[in-house]
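Residue numbers (this note's numbering), protein chains in the order written: chain D, 7 to 285; chain F, 0 to 307; chain V, 364 to 853. Notes follow the structure.
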Amino acid sequence: MRAPVSRRTLRWLQTIVLSAVALAWIYPLLWILSASVKDATGIFGSGLSLWPESWQWENYSRAWDEAGFARYMVNSVLVTVGTVVIVVVRCAAAGYVIARYRFVGRRLIVGVLAATMFIPTGLFVVPVVELSDVLGLLNSHLGLILALAGGGHVAAVLLYAGFYAKVPKELEEAAVVDGAGFLRTFLRIMLPLSGPITATVVVLTFLATWNNFFLPLVFTFSTPQNRTLAVGMLAFQGTNSTDWSGLAAAASLSLLPILALFLVLQRYFVEGIAGAVKS
Amino acid sequence: MAATIAHAPGPPRGRRVSRWVYVFVLPTLVLFGMYTIWPSVSSIFYSMLEWRGLGVDRTFTGLANYERAFSDPLFWGSVRVTVLVIVVTVPIRLAAALLLAIMLNNPRLPLARLLRTAFFIPVVATTAIVGIVMGFVLDPSSGPVNAALELVGMPAVDFLGSSDTALSSVMVVHVWKWLGITMIYWLAALQTVPVDLYEAAAIDGAGAWRRFTHITMPLLVPFVVIIGMLTVVETMQIFDLVLTMTGGGPFFSTLVTEVYIYQQAFAASNPNLGYAAALGVLFGVFTVLVVGVMLLLVRLVRGKGADA
Amino acid sequence: MHTPSRRMVLGGSAAAVLAALAACSRSSTSGSSGSTPPPASGGALQWWDHFEPLEGALQGIFDTWSSGADGEVERTVYNPNEMGQALQLALGSDQMPDVFSNLTGIPTPALVARGLISPVTLGADAQASTSASLFEGVHTFDGDVYSVPIFSHQQHSTLAWFDVEQLERAGGDPEAATQTWDEFRRILREIGAGGQTAGWAWNIAFDGRLQEQLVDLAQGAGQALALNTAGVNPADITDPSTGEYVFHGEGFLQALEFLQSLVTDGAMLPASTSLDAREARARWAAGEAAVFFDGPWNSGVLAGQFADFLPRVGVTNMPTPDGAGYSARGPSSGQFWQSSTSGHGEGVSALFSLLATPEFAQALAGNMDQPPADLSVVAGADVDPTYSRAIEIFSDWCRLAPSPLVRNPGVGAVIAEMEEIRPNLGEIVQGCVGGDIDDPQTALKTFSDALAAERDRAIDVVVAAGTEVSLDDWVFTDYELGTDYSADRY
Numbered sequence: 007m008r009a010p011v012s013r014r015t016l017r018w019l020q021t022i023v024l025s026a027v028a029l030a031w032i033y034p035l036l037w038i039l040s041a042s043v044k045d046a047t048g049i050f051g052s053g054l055s056l057w058p059e060s061w062q063w064e065n066y067s068r069a070w071d072e073a074g075f076a077r078y079m080v081n082s083v084l085v086t087v088g089t090v091v092i093v094v095v096r097c098a099a100a101g102y103v104i105a106r107y108r109f110v111g112r113r114l115i116v117g118v119l120a121a122t123m124f125i126p127t128g129l130f131v132v133p134v135v136e137l138s139d140v141l142g143l144l145n146s147h148l149g150l151i152l153a154l155a156g157g158g159h160v161a162a163v164l165l166y167a168g169f170y171a172k173v174p175k176e177l178e179e180a181a182v183v184d185g186a187g188f189l190r191t192f193l194r195i196m197l198p199l200s201g202p203i204t205a206t207v208v209v210l211t212f213l214a215t216w217n218n219f220f221l222p223l224v225f226t227f228s229t230p231q232n233r234t235l236a237v238g239m240l241a242f243q244g245t246n247s248t249d250w251s252g253l254a255a256a257a258s259l260s261l262l263p264i265l266a267l268f269l270v271l272q273r274y275f276v277e278g279i280a281g282a283v284k285s
Numbered sequence: 000m001a002a003t004i005a006h007a008p009g010p011p012r013g014r015r016v017s018r019w020v021y022v023f024v025l026p027t028l029v030l031f032g033m034y035t036i037w038p039s040v041s042s043i044f045y046s047m048l049e050w051r052g053l054g055v056d057r058t059f060t061g062l063a064n065y066e067r068a069f070s071d072p073l074f075w076g077s078v079r080v081t082v083l084v085i086v087v088t089v090p091i092r093l094a095a096a097l098l099l100a101i102m103l104n105n106p107r108l109p110l111a112r113l114l115r116t117a118f119f120i121p122v123v124a125t126t127a128i129v130g131i132v133m134g135f136v137l138d139p140s141s142g143p144v145n146a147a148l149e150l151v152g153m154p155a156v157d158f159l160g161s162s163d164t165a166l167s168s169v170m171v172v173h174v175w176k177w178l179g180i181t182m183i184y185w186l187a188a189l190q191t192v193p194v195d196l197y198e199a200a201a202i203d204g205a206g207a208w209r210r211f212t213h214i215t216m217p218l219l220v221p222f223v224v225i226i227g228m229l230t231v232v233e234t235m236q237i238f239d240l241v242l243t244m245t246g247g248g249p250f251f252s253t254l255v256t257e258v259y260i261y262q263q264a265f266a267a268s269n270p271n272l273g274y275a276a277a278l279g280v281l282f283g284v285f286t287v288l289v290v291g292v293m294l295l296l297v298r299l300v301r302g303k304g305a306d307a
Numbered sequence: 364m365h366t367p368s369r370r371m372v373l374g375g376s377a378a379a380v381l382a383a384l385a386a387c388s389r390s391s392t393s394g395s396s397g398s399t400p401p402p403a404s405g406g407a408l409q410w411w412d413h414f415e416p417l418e419g420a421l422q423g424i425f426d427t428w429s430s431g432a433d434g435e436v437e438r439t440v441y442n443p444n445e446m447g448q449a450l451q452l453a454l455g456s457d458q459m460p461d462v463f464s465n466l467t468g469i470p471t472p473a474l475v476a477r478g479l480i481s482p483v484t485l486g487a488d489a490q491a492s493t494s495a496s497l498f499e500g501v502h503t504f505d506g507d508v509y510s511v512p513i514f515s516h517q518q519h520s521t522l523a524w525f526d527v528e529q530l531e532r533a534g535g536d537p538e539a540a541t542q543t544w545d546e547f548r549r550i551l552r553e554i555g556a557g558g559q560t561a562g563w564a565w566n567i568a569f570d571g572r573l574q575e576q577l578v579d580l581a582q583g584a585g586q587a588l589a590l591n592t593a594g595v596n597p598a599d600i601t602d603p604s605t606g607e608y609v610f611h612g613e614g615f616l617q618a619l620e621f622l623q624s625l626v627t628d629g630a631m632l633p634a635s636t637s638l639d640a641r642e643a644r645a646r647w648a649a650g651e652a653a654v655f656f657d658g659p660w661n662s663g664v665l666a667g668q669f670a671d672f673l674p675r676v677g678v679t680n681m682p683t684p685d686g687a688g689y690s691a692r693g694p695s696s697g698q699f700w701q702s703s704t705s706g707h708g709e710g711v712s713a714l715f716s717l718l719a720t721p722e723f724a725q726a727l728a729g730n731m732d733q734p735p736a737d738l739s740v741v742a743g744a745d746v747d748p749t750y751s752r753a754i755e756i757f758s759d760w761c762r763l764a765p766s767p768l769v770r771n772p773g774v775g776a777v778i779a780e781m782e783e784i785r786p787n788l789g790e791i792v793q794g795c796v797g798g799d800i801d802d803p804q805t806a807l808k809t810f811s812d813a814l815a816a817e818r819d820r821a822i823d824v825v826v827a828a829g830t831e832v833s834l835d836d837w838v839f840t841d842y843e844l845g846t847d848y849s850a851d852r853y
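Structural data, given as structure tokens:
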């Protein structure tokens, strides 16, 4: 126990250094926000300056009306929430049994999951579309959600597995003593414990789904009313020109939900097993 | 990683439970089969076709696409660039993000919440616009980076426009954009380290470095492998950023494999899905091999460490 | 202590699952027809293209058609980068739109051969007005009309757009039809030497545009070329006197040297090395450079986004060695095609007939994008003076090039069979300017040779499949740059 004052000073020093770095980190976002209220001349004429010379709020109304954002926003939320829920549930379940149970085929599953992580997925959209067509899932939100929630997400399974492998056995045993069955143990003890992982998976899946472009595009070819925000942003990039300020406004609108989600979930990022064990 | 999880001790259970085990993996297996295994198998099939653009004519050509790929200097150049990006950026991201996460994991650090959000922000910033901002930041005549260089008497650098520096610049921006993701992986991993251990160690008088090497690091080892692999995979799929910042140029200096595959499949003046699929399969096999060898090495080293 | 909130989170997510699933099943059943593709007839006519600026003009004919017929058009505008992929995916899942613009990379004759597009029946007026501009192998196949051109072949992408004030200060003449290469260099150097702005903004990161600009400048330098269509794709561009690829010829070498000299003069905006055309235009319009090479659509884009700047802008033809020089493109292809799966045959035919009306051309001119097929309507349209000036330049200096494709549609099959050669022409320009290629002449010769070898291979494949085509189809000994190679000369 050296002088506690010095440790506190040290922490403030850390904060100051980190804040300086963080400013550089968020600068481009501030730039996007400021671009969203500039006109094209303002964006390209004032370079790095953040303060708009004239405030062009109509960029937002243009994004909202022209790009049909209200409808796209609803679609995006629906598709993204559906995908995130499926991903969390199925990946947590799979990660749990992979980490804590020995069963036939387990090693094979882990091996195949790990190996397929490295396959470039850029072309998967072609066979996925063919499959969805055969199964009659094209042109529906359900088909889109399944495709988004089904492909990849090996990372989520691995993160859950890595986490559950570290959970002390005592917790489970205590649950069994209390008479909890398999499902109950998982739902009541294990899933809540993995808050930090769930928060991570939710944020990352949300992000990936929200910004995904080609799958939502293909699944809404003949149902334009089902399009998502990322697809809706098409309208800003034309053959010979891009509506930069409209795009910036649309981008600012579309990243609000993700930022809000991150702010809400971030307490889970610093909340560990230890606390749960005590309570 | 397969290794780290494979040794997890499972409580012995009766038959009643094992049914639940299969119920739990089933959804993942089904979805995985539909949306990963099936496309992978299809890709292998596509890779043996002569399949141009609009897909009516598909003729089976066996290994012709692979023969062509083996002698395609642009493909191997792109693999070289991709490997270089991985080798350089992944260790930097892992180390910098871990440092950041440890600092921001301290609940007593002032403004920790705000700072965590700040470092996460580039992750959500729209790539198409990031390209424009970075164009201004790295501008060879009026950008702030070059202004700073000028202050210390260095010549201006055309960061994105010269084939000597474009790749390094893209790598820096790539690390900047995605550091926040690695940070939250580490934050999640750090939550498995019991706080009481720290408190006990602190009372014993252990300094920050000793606590890190003796408590944090050993507990994080399994996650190092998982997060390392995730970061490698994410880096392999570096795509949007390159497309908006340099489009693979100038003169192929930033042409990564995913961009090249995309160009062959969809953007070429005469798109060729069969050939693109062959490139994808080759690149996948190549990476699985490289990662497999790396994991084997990790295992060997750790096995030796355990024996000693 | 945390338990209650956790339970709430869990409960919340369970509710969300139910809500989401309920919503999904609803939308999947209430969607137009659930999983099956929309019925062939009935429903809106799906129209996909990548011509964002044509919104007004197309809406006009859609409205005209809707008011007379019982139907409506649903138009989707794509970013050109994504259009090709969208079409590939649509075809793979039987979701082709009724009408699309061809960004598949596949030449039209191959689309016909593969049965992907189907002919239309033009109305009498449209037949009469288009009779001179339809070419077999480009618009008609076996006599059936598949599309009508809406744009003119009289255009290029290398007009010199400038800030009038800057140009005058440097002693340039804003009214001149064009500048010589030497004069152009002098002006840029002078503006750049002022230190306030750079002389010239360029789109070095956009290799497709670099390619067009090099081809335009090479023609300006006197290189006669045969071009299959009005599009610029190296496989389509040959020397009419020999039928060979000629990218290592004198005209191309001089044009490349000229472009390099602009860079080495130090007159270029340094950031140009990493700008595409949109960004370069924006930096130019924001006052960072005085001159910018672009096509006629620049007027339209400026009017939309940089309206304050437009009145200060002037335009001349591309600079040429001696201040006078023709360029030429092949016949302008049709932009819109009817998918063979379309169940809206009559509607599409009616719409295509409307594309051939003077009203549409007029509206097209008003958009200030690519020039309408009939340049003369621009004079009567309400357009910016810079646009009328650009069109004037085109009608004076742009001609119709001979097209091997028109002579023998089998040429299209050869082009479709050819693989892209890389580095492509634009990438070679990029490499030469950036110092990655030391010897432009060798690089261009290698490129021509590789194309020739690829064409030989493709001809063998196509001939083996029963198409009659030979190298002679590429030879036009009677062509001279500056003349029109009109339909009667084939």
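No residue lacks a Cβ here, since even glycine has one placed at the ideal position from N, Cα and C. Given the structure is predicted, the values throughout are model-derived calculations rather than measurements.
For the alpha helix (DSSP H) containing residue i, name the first residue and the last one.
i        : result
V/Gln409 : Premise fails: V/Gln409 lies in the beta strand (DSSP E), Leu408 to Asp412, not in any alpha helix (DSSP H).
V/Ala670 : No alpha helix (DSSP H) contains V/Ala670, which DSSP labels as neither H nor E.
V/Ala593 : Counting along the chain, V/Ala593 falls outside any alpha helix (DSSP H), and DSSP gives it neither H nor E.
How close, in whole Å, do the beta carbons of residue i and residue j come, if the pair is a contact with beta carbons under 8 Å?
i        : j        : result
V/Ile480 : V/Gln701 : 6 Å
V/Pro682 : V/Ala584 : Actually they are not in contact, since the Cβ atoms of V/Pro682 and V/Ala584 sit about 10 Å apart, beyond 8 Å.
F/Tyr34  : D/Gly157 : 4 Å
V/Leu855 : V/Arg646 : What is shown of chain V runs 364 to 853, which leaves residue 855 of chain V out entirely.
F/Val24  : D/Ile115 : 7 Å
Can you tell me the Cα-Cα spacing of residue i and residue j, whole angstroms?
i        : j        : result
D/Val224 : F/Ile36  : 20 Å
D/Ser138 : D/Leu154 : 12 Å
V/Ala403 : V/Ser705 : Per-residue confidence for V/Ala403 stands at a pLDDT of 42, beneath the threshold of 50, marking its modelled position as unreliable; no derived number is given.
V/Trp660 : V/Val595 : 17 Å
F/Met182 : D/Val207 : 13 Å
V/Ser716 : V/Gly486 : 6 Å
Can you pull the chain F neighbours of residue i, defined as C-beta to C-beta under 7 Å?
i        : result
V/Met631 : None at all; the shortest Cβ gap to chain F is about 10 Å.
List the residues of chain F that residue i touches, going by C-beta distances under 9 Å, in chain order.
i        : result
V/Ile567 : Gly160, Gly248 and Pro249
D/Arg190 : Here the premise fails: no neighbours, minimum Cβ distance about 11 Å.
For the ligand HEM, is there any heavy atom lying closer than 7 Å to the beta carbon of residue i?
i        : result
D/Pro126 : No copy of the ligand HEM occurs in the structure displayed, which carries no ligand at all.
In chain D, what lies closer than 9 Å to residue i by C-beta?
i        : result
V/Ala449 : Phe220, Leu223, Val224 and Phe227
F/Tyr261 : Gly128 and Leu129
So which residues of chain V does residue i contact, with C-beta pairs closer than 8 Å?
i        : result
D/Phe75  : Under the 8 Å cutoff, chain V gives no residues; its nearest Cβ is about 16 Å from D/Phe75.
F/Gly134 : Ala634, Ser637, Leu638 and Glu642
F/Asp138 : Pro633 and Ala634
F/Asp56  : Arg477
F/Leu73  : Arg785
Assuming contact is defined by CB atoms lying nearer than 8 Å, are residue i and residue j in contact in what I supplied?
i        : j        : result
V/Ala568 : V/Leu638 : yes
F/Ala310 : D/Leu253 : This structure gives no information on residue 310 of chain F, because the portion of chain F shown stretches from 0 to 307.
D/Pro133 : F/Ser41  : yes
V/Ala476 : V/Asn680 : no
V/Gln582 : V/Tyr689 : yes
Show which residues of chain V have a CB atom less than 7 Å away from the CB atom of residue i.
i        : result
F/Asp157 : Pro633 and Thr636
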